[in-house]
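See structure below.
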Amino acid sequence: MLTLWKPRSLARMESLFDDYFQERDINRYLETNFSPDIDIKETPNSLLIEAELPGMEKKDIRITYEQGALKISGEKKMDTIEENELHHRVERTYGKFQRIIPLDEEYIKPDQIKAEMINGLLKIEMPKVNETVGKEVNIEVK
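Position in the sequence shown counted from 1, then plus 16, gives you the working numbering.
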């Protein structure tokens, strides 16, 4: 079966596509819910949390510990859009975020939590109260 080719239909489609994106507030579509990916690891002496925060600086991040929970919050800001720029694709996410990680207060030392940011990777170290937590301990029966 042959289909009649209409050369103007492609131009019409491109025009509709252009009109759609020019009429929309592009900022509304670019800002989404950003949620950093985290890893939680345990060593014999501490708990370690690593959060991926690409494009962010330490001044944009707040870390608090309260009532048995570690809270990581901040905002990943969108780059400024210039008037003469037309975005064809935006895959990066932006916006405010908050991650709350529940922790046993008897398991870590909150006053000794340390954090550092290296190349977009936030590393948080939380010393454990007792090195034997999580290990097998032989108990002598008398």
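Here a beta-carbon is modelled for each residue, glycine too, at the ideal position from N, C-alpha and C.
What you are looking at is a predicted structure, and each value in this text was computed from that prediction instead of being measured.
Mark Lys144 as exposed unless 16 or more other C-beta atoms lie within 10 angstroms of its C-beta, in which case mark it buried. The residue is buried, with at least 16 neighbouring Cβ atoms inside 10 Å.
Expected contact under 8 Å - CB spacing of Leu63 and Met142 to nearest Å: Right, the Cβ-Cβ distance comes to about 5 Å (below 8 Å), so this counts as a contact.
For Asp95, which of helix, strand or coil comes out of DSSP? DSSP places Asp95 in the coil class of the three-state scheme, outside both helix and strand.
Bridge-paired residues (DSSP) for Ile88: Residue pairing for Ile88: DSSP places it in a beta bridge opposite Ile79 and Arg115.
Cα-Cα separation, Gly111 to Ile77: Taking the CA atoms as reference points, Gly111 sits about 12 Å from Ile77.
Pairwise C-alpha distance: Leu86 and Ile117: Spanning the two alpha carbons is a distance of roughly 5 Å.
Terminal residues of the continuous beta strand (DSSP E) containing Lys57? Note, Lys57: beta strand (DSSP E), Ile54 to Glu58.
Apart from the five residues just before and just after Gly90, which ones in its own chain have a Cβ nearer than 7 Å to its Cβ? If we look at Gly90 and ignore the five residues flanking it on each side, its Cβ neighbours are Met72, Asp76, Ile77, Arg78 and Phe113.
Proximity below 8 Å, CB of Arg115 to CB of Ser51: Yes, these two residues count as a Cβ contact at 8 Å.
Using a Cβ-Cβ cutoff of less than 8 Å, which residues in the same chain neighbour Leu137 once the five nearest sequence positions on both sides are dropped? Cβ within range, chain order: Glu66, Ala67, Glu68 and Leu69.
Compare the beta carbon distance of Glu121 and Gly84 with 8 Å and say whether it is the shorter of the two. Result yes, Cβ atoms of Glu121 and Gly84 sit closer than 8 Å.
For Lys139 and Glu132, which I take to be in contact (beta-carbon distance under 8 Å), what is that distance rounded to the nearest angstrom? Contact holds; Cβ gap of about 5 Å.
6 Å CB neighbourhood of Asp55 in its chain, flanking five on each side removed: Within the same chain, Asp55 has close Cβ partners Glu66.
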